[in-house]
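Residue numbers (my numbering): 606 to 896. Everything on this sheet refers to the single structure shown next.
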């Protein structure tokens, strides 16, 4: 049975928990602002390096035609200047810790919907994803890379990109932000040659003198674009995780407020019962003196 002391302790406990949750929410909000800026910068870099890549391809059509003939490729859109292993890799971006709402699990559910039929190999990024893969019996060959939740580790990012670039097709599963209150599980094929941007299509062709040769230069740009697109997906997912965390923490604060309201009402009820009991005892004592 609840007492005034136990109810009072519960109010203090709920208030302390609310303070901690609000602190986490404030930290997440600050990180969201910082991550949004990084996402925008990453988008701009990926767009600009793609423009240069497309510009070089446009100015080197004759050399590229010879390379395509040697590799027996008829469609330039399907042309890769890197050595590939002919396999399909599915990449699942997850997290190292909890408190990221349900976006990590929803992304995994999308991943499992396709991995069995279409993937030759699997790459898991983050401890939570590795545990989910083991618990759900993923049977494909699995590679794992650790990656921090709090920042983009450029060195680790390069290691992951270097592993992925050997595959013919790479599909990344991650969460993307539709709005601050809504995150969507997403799959993105990052292995194809990007299309020219609108700005690049309008540019006048620039002549380039390429050393040591066209194939090596274009392979370098293809690798850089591949890494940039992957980095963009990583940053987008970090933003989605933080947004999901804020939504989850907001919901937690609402639930704590509801419990606080109930507990305060219970405290008032107990106080009222105690006052009534004391009043009854006083009246009872008075009646005894009057008899």
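Even glycine gets a Cβ: it sits at the ideal position worked out from N, Cα and C.
Environment of residue i [buried if 16+ CB atoms lie within 10 Å]
i, result
"residue 790", "buried"
"residue 918", "Since the first and last residues shown for the chain are 606 and 896, residue 918 lies out of range."
"residue 749", "exposed"
"residue 799", "With a pLDDT of 49 at residue 799, under the threshold of 50, the modelled position of this residue cannot be trusted; read the value that follows with caution. Buried: at least 16 other Cβ atoms inside 10 Å."
"residue 703", "exposed"
"residue 836", "buried"
"residue 898", "No information on residue 898 is available, as it lies outside the stretch 606 to 896 that the chain covers here."
"residue 806", "Bear in mind that a pLDDT of 47 at residue 806, under 50, signals an unreliable position, so the number given afterwards is only what the model happens to contain. Answer is exposed; the Cβ neighbour count stays below 16."
"residue 624", "exposed"
"residue 827", "buried"
"residue 831", "buried"
"residue 825", "exposed"
"residue 809", "With a pLDDT of 48 at residue 809, under the threshold of 50, the modelled position of this residue cannot be trusted, and the question is left open."
"residue 870", "exposed"
"residue 724", "buried"
"residue 823", "buried"
Residues near residue i by beta carbon distance below 8 Å, same chain, minus five either side
i, result
"residue 700", "709, 731, 732, 733, 734, 754, 846"
"residue 717", "741, 743"
"residue 872", "609, 612, 613, 616"
"residue 739", "none"
"residue 622", "861"
"residue 647", "833, 836, 837, 840"
"residue 688", "771"
"residue 650", "833"
Cβ-Cβ separation, residue j to residue i (assumed contact under 8 Å), whole Å
i, j, result
"residue 765", "residue 777", "That pair is no contact at about 10 Å."
"residue 763", "residue 752", "At roughly 12 Å, the Cβ-Cβ gap does not stay under 8 Å, so residue 763 and residue 752 are not in contact."
"residue 640", "residue 840", "7 Å"
"residue 720", "residue 745", "6 Å"
"residue 842", "residue 698", "5 Å"
"residue 696", "residue 844", "Wrong, their Cβ atoms sit about 18 Å apart, outside the cutoff."
"residue 855", "residue 631", "Actually they do not touch by this definition, with Cβ atoms about 12 Å apart."
"residue 619", "residue 868", "6 Å"
Residues of its chain near residue i, where Cβ-Cβ distance is below 7 Å and the 5 sequence neighbours each way are ignored
i, result
"residue 706", "849, 850, 852, 853"
"residue 758", "752"
"residue 715", "778, 790, 792"
"residue 747", "727, 729, 738"
Host beta strand (DSSP E) of residue i (start-end)
i, result
"residue 698", "693-698"
"residue 790", "787-794"
"residue 748", "747-750"
Continuous alpha helix (DSSP H) stretch holding residue i: start and end
i, result
"residue 761", "759-769"
"residue 705", "Here residue 705 belongs to no alpha helix (DSSP H), and DSSP marks it neither H nor E."
"residue 780", "Careful: residue 780 lies outside any alpha helix (DSSP H), inside the beta strand (DSSP E) at 774-784."
"residue 738", "732-740"
Cutoff 6 Å; reference residue i; Cβ partners in own chain excluding five residues on either side
i, result
"residue 691", "773"
"residue 775", "694, 769, 795, 796"
"residue 874", "none"
"residue 804", "Its pLDDT being 46, under 50, residue 804 is placed unreliably by the model, and nothing is read from it."
"residue 713", "737"
Contact test: residue i Cβ vs the ligand MN heavy atom, cutoff 8 Å
i, result
"residue 628", "The ligand MN is not part of this structure, which contains no ligands at all."
Validate contact between the segment 625-644 and the segment 877-888 using beta carbons, cut 8 Å, 3 pairs: no
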